[in-house]
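Asker:
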Amino acid sequence: MMMPASGSDMRVVSATVTFLAATVDTAAGTTYTFSSQTLGTGDIVVSIMEDQSPVINSVTVDGISGSEVVRYMTTSSPTSIWRANGITNATGNIVITFASQVEHCGVGTHLLVGANTTADDTAGDSGAKTTYTDTINVPTGGVLIAASNGNINHT
Numbered sequence: 014m015m016m017p018a019s020g021s022d023m024r025v026v027s028a029t030v031t032f033l034a035a036t037v038d039t040a041a042g043t044t045y046t047f048s049s050q051t052l053g054t055g056d057i058v059v060s061i062m063e064d065q066s067p068v069i070n071s072v073t074v075d076g077i078s079g080s081e082v083v084r085y086m087t088t089s090s091p092t093s094i095w096r097a098n099g100i101t102n103a104t105g106n107i108v109i110t111f112a113s114q115v116e117h118c119g120v121g122t123h124l125l126v127g128a129n130t131t132a133d134d135t136a137g138d139s140g141a142k143t144t145y146t147d148t149i150n151v152p153t154g155g156v157l158i159a160a161s162n163g164n165i166n167h168t
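Count along the sequence shown starting at 1, add 13, and that's the number in the working numbering.
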């Protein structure tokens, strides 16, 4: 993202991303609450890995509603990335509500600071393979957050 500075000068404003944590709840359910998660001041990106293909009704981070950035469906290992903007607390709950029961749910969380409020590009790849490929455009000063879900080793 390019931002005007003073006068006719232009500078690149760089976004930063920090991996916070990954956790899994192995119990079956429709609502998952990941309590007292490390957050921070900025936007929280939540990667959600599940074992089936139900609709996610809602994601909240410390009481703030998230919006879906991208969802990639596979037969048995769907993955989605959600974003909640304007988080200000160091810790808080992440609550995910599904339309129907799933067997387990895992989340990965990242703190995002200084980025556009919407994604510039998204991509996905699937299949029973060990290396996934796709093309994604990351603007100068931007960041990329990737998520993977499945029962094989991914690179």
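Ideal placement from N, C-alpha and C gives every residue a C-beta, glycine not left out. A quick note: this is a predicted structure, and the numbers were derived from the prediction, not measured.
Taking DSSP as the reference, what is the three-state secondary structure of Ala132?
Answerer: Looking at Ala132 - three-state DSSP - the assignment turns out to be coil, as it is neither helix nor strand.
Asker: Going by CA-CA distance only, name the one from Val72, Ser49, Thr148 and Asp147 that's closest to Ser60.
Answerer: Of the candidates Val72, Ser49, Thr148 and Asp147, the one whose C-alpha sits nearest the C-alpha of Ser60 is Val72.
Asker: What whole-angstrom Cβ distance do Val58 and Leu125 have, given they're in contact under 8 angstroms?
Answerer: Indeed, because the Cβ distance is near 5 angstroms, the residues count as touching under 8 angstroms.
Asker: By alpha-carbon positions, which one of Tyr85, Thr130, Thr131 and Ser113 ends up nearest to Asp147?
Answerer: Considering only alpha carbons, the answer is Tyr85.
Asker: Quick check on DSSP: helix, strand or coil for Thr39?
Answerer: Reduced to three states, the DSSP call for Thr39 is coil.
Asker: Leaving out the 5 sequence neighbours to the left and right, which residues in its chain are closer than 7 angstroms to Asn102 when beta-carbon positions are compared?
Answerer: Contacts found: Leu52 and Asp75.
Asker: Measuring alpha carbon to alpha carbon, tell me which of Thr31, Asn70 and Thr130 ends up nearest Ser113.
Answerer: With distances taken between Cα atoms, Ser113 lies closest to Asn70.
Asker: Inspect the beta-carbon positions of Val120 and Gly42 and report whether they are closer than 9 angstroms.
Answerer: Not closer than 9 angstroms, so no.
Asker: How long is the line joining the alpha carbons of Glu81 and Thr92, rounded to whole angstroms?
Answerer: Rounded to the nearest angstrom, the two C-alpha atoms are 11 angstroms apart.
Asker: What whole-angstrom Cβ distance do Ala28 and Gly99 have, given they're in contact under 8 angstroms?
Answerer: Going by Cβ atoms, the distance from Ala28 to Gly99 rounds to 15 angstroms, so no, they are not a contact pair.
Asker: The beta strand (DSSP E) with Glu116 in it runs from where to where?
Answerer: Glu116 -> no beta strand (DSSP E), and no H or E assigned at all.
Asker: Return helix, strand or coil for Val151, following the three-state DSSP convention.
Answerer: Of the three classes helix, strand and coil, the one that applies to Val151 here is coil, per DSSP.
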